[in-house]
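Notes follow once the structure below has been shown.
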Amino acid sequence: NLILNATGVAAILWWSVASFRLHNLHGPSGINSEDVMEVEAPRVGKGGKGQPKVRGAKAPHQDPAEGSKVLPKDDAPSAPAPVAVTLPKGDIRWGNEETWHLIPAKPGSDMNTVTCSIQHLPDNVPGDDGKHCQCLVTPGSDFHRAMNPMLMDEADANSLGAELAASCQLFFDARKHGAADAAQWLATEGLCSEAWEEKALLNRSFKAGSRQINVETRQQLLRARVDVRFKTNWARLRDTDGWYRKAWVSYVGGPPTSQFVKMAEELIKSVHYFSEHPILMFNFGLFTPKTWSEERFPQLVILHAAPLPNEPRIRRSFNFNKLRAILMSRALNAVEVDVDQFVAPGADVLFSLTSKWVNKEYSFPLMPAHFLDWSIKDQPAAPWWPRYCPDPEKPCPMQTMRWCHAHPTWTHWALPFFGRWVRRHFRDERLPNVTVKGFHAPGLKVGDINEDEDLLNVGLWEERATKQWCKMDVPATVEFDSLLSWTPAHGHRCTNGIGCTNIGGDNRWYKKGVPKVYWTAHHAIDPEQTATYLERIRKHHKEGKWPAAIVYEERFWKSGDELKKEHPGLACLT
Ligand SMILES: *[C@@H]1O[C@H](CO)[C@@H](O)[C@H](O)[C@H]1NC(C)=O
Ligand SMILES: *[C@@H]1O[C@H](CO)[C@@H](O)[C@H](O)[C@H]1NC(C)=O
């Protein structure tokens, strides 16, 4: 039959798994015997034996609401979403184990798109929820080189030359090299180490909940390999100790034709236009565009990691990949940018300002104030409000600042914060009842927190963090029109359009509103429009027709210091 024919051809072609049950051949990207730890304790991986299979890990899909705040989806359906596989040429097959339905390549077409669900394809293995798609790949082809090596066999990934850029083993081995490596291990030990896990069993404070992801799977989730096409950039842009001095960090997943990937390309372009620093793009999808190359993007490094597991009990939102990217980036000083953002002139100052604020004493990421002062009134079902602020009209000692947008900047000092909260989430730990200033805060099951942004806010409040950026991720691309219409004759006056107004104020933190800072744009969801803005901004900037980035009370401010002098009560940083 067709399937046997296809298998027969596998002497020269091999089947690679498309829709993320990864390889049939082993678990969630597999630790092989080379990764076996020789050390006694703490162990970070037994390797090889008994790796659980992640069945049907997450699809190459990015939440369209990503970045914009959505109410908690308490009633989100638990059935896995169908996976649309879009692959250049090549046959695709659907099924499991021995039973396959073949979808042959369309002759003359460059893409073959298939929605992998029983609504669209025959239910050839009734009752088996492990059905998935696989696609045929030619070794050595451009497509093979652009593929996510974390979805290949270990041996295939190694022979392709896709070196390991991050892993528990690597973090453990480096942990004594310096302060950054020590922070990296402190951040990842609870995610990586089986010895840590055994100790945690003895202490009720670390009790894992029903939605926990086990330590073997967590180890897999902290592995990344470099894209073979970007190995020169990867080596050139970082230091000999393996760390990037300064880097933009982003993440994406989806076929090259998807809106998200096109947005990512504009973000990458903007970094090349307006920044001196590298951008580390983590791919959690099947492959990235063939047109992304080192020649075109000398500041780009693509790193690949496996998707999150998709099993209902342990599933996490796609955006937790942001936190994985942060933990795997090995950047001393970094700024996370979502694919619906772009970088603007002057943005590089974010790096030096971040290292001014984030240090040994204040070891938290900095995130911008959200454009809305979210509270229980907007999110009555969100599980964290009873703990942090059951009534915004009354004092809430557990909520230390206005809701932040999940666009973090950090130095290595904040890595343990990220690691701690990803661990609490991935182990589904519980925050205990506490009393603060006479306020009784009920406990919270961390695994019940739906999104990365929710978790980061909870973490910052819980640890009494108090610093946030002003709105350095301006909410809409069109607001840049106010800067594009500026001429030197206007001086420091910002007079034209919505880009000159403050972000809406609130009763608790910002009575007069929040300053906008035009270092990055957010909600840049139309790649063609973004491309046009980037060219216009670049032209104005080159011609010296670009104002200072900070806007507050309808004027431009040259620096945070100048703004602070005039408005000492402002609670946000610039
Ligand atoms: C359990 O862990 C908590 C938090 O780290 C710590 O304060 C406590 O002393 C530990 N308890 C025991 C019995 O080790
Ligand atoms: C925590 O507080 C809740 C009420 O907010 C209460 O029902 C529960 O018994 C408390 N748990 C402990 C361990 O004190």
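So the sequence shown is residues -19 to -1, 1 to 555, counted in mature numbering (1 follows the signal peptide of the UniProt record, and there is no 0). Quick reminder that beta carbons are idealized off the backbone N, C-alpha and C, glycines included. No experiment lies behind these values; they were computed from the predicted model shown.
Around the CB of Leu102, 16 or more other CB atoms lie within 10 Å, so the residue is classed as buried.
Between the segment 474 to 481 and the segment 528 to 548 there are three or more inter-stretch CB-CB distances shorter than 8 angstroms, so the stretches are counted as touching. The segment 186 to 205 makes contact with the segment 278 to 295, as at least three CB pairs between them are under 8 angstroms. Those residues that bring their Cβ nearer than 6 angstroms to a heavy atom of ligand 1 are Asn184, Ser186.
Judged by the Cβ position, Pro378 fails to qualify as a neighbour of ligand 2 at the 7 angstroms threshold, every heavy atom of the ligand being at least this far.
Taking C-beta atoms as the reference points, Asp329 and His388 fail to come closer than 8 angstroms. Restricted to the segment 435 to 487, the alpha helix (DSSP H) segments that are unbroken, complete and at least 4 residues in length are 462 to 465, listed in chain order.
Here the distance from the Cβ of Gly424 to the nearest heavy atom of ligand 2 is below 7 angstroms.
Assignment of beta strand (DSSP E) within the segment 91 to 177, counting only whole runs of 3 or more residues, yields 92 to 97, 113 to 118, 145 to 147 in chain order. When Leu289, Asn264, Thr80, Tyr369 are compared, the shortest CA-CA separation from Gln200 is found for Leu289. Bounds of the alpha helix (DSSP H) holding Arg305 are 301 to 309. In this structure, the beta-carbon distance from Trp75 to Cys114 falls below 8 angstroms. Your pair Pro456 and Gln240 does not check out as a contact, with CB atoms roughly 19 angstroms apart and the cut at 8 angstroms.
In chain order, Phe152, Phe153, Arg156 place their CB closer than 7 angstroms to the CB of Trp166, counting only its own chain and leaving out the 5 sequence neighbours on each side. A Cβ-Cβ contact shorter than 8 angstroms links Leu172 with Arg404.
Of all alpha-carbon atoms in Gly400, Thr458, Trp224, the one lying nearest the alpha-carbon of Gly440 is that of Gly400. In the structure shown, Glu78 adopts coil according to DSSP, grouped into three states.
Each of Arg383, Phe323, Pro361 was checked against the Cα of His503, and the nearest Cα belongs to Phe323. In the same chain as Glu434, and ignoring 5 residues on each side of it, the C-beta atoms closer than 8 angstroms to its own belong to Lys50, Asn300, Cys385, His386, Ala387, in chain order.
The beta-carbon distance between Lys497 and Gly486, rounded to whole angstroms, is 13 angstroms. This is too long to meet the 8 angstroms contact definition. For the segment 357 to 416, the full-length alpha helix (DSSP H) segments reaching 4 residues or more read 366 to 369, 396 to 407 along the chain.
Remark: the C-beta of Asn431 is outside contact range of ligand 2, defined as less than 7 angstroms to any heavy atom. Residue environment for Thr213: exposed (fewer than 16 other C-beta atoms within 10 angstroms of its C-beta). The alpha-carbon of Asn340 is positioned some 19 angstroms away from that of Ala552. Secondary structure of Leu281 (DSSP, three-state): strand. Placement of the Cβ of Asn105 at a distance of 7 angstroms or more from every heavy atom of ligand 2 is found.
The DSSP-derived three-state label of Phe187 is helix.
Partner residues in the beta bridge of Ser231, as assigned by DSSP, are Met262. By alpha-carbon distance to Ser333, the top candidate from Ala315, Met348, Glu175 is Ala315. Relative to ligand 2, the nearest heavy atom lies less than 7 angstroms away from the CB of Asn414.
The beta-carbon distance between Arg226 and Arg383, rounded to whole angstroms, is 31 angstroms. This is too long to meet the 8 angstroms contact definition.
Three or more pairs of CB atoms, one per stretch, sit closer than 8 angstroms, so the segment 412 to 428 contacts the segment 359 to 373. For Arg217, the enclosing alpha helix (DSSP H) starts and ends at 212 to 218.
Check the Cα spacing between Ser466 and each of Arg517, Ile506, Asp454, Gln449: the tightest is with Arg517.
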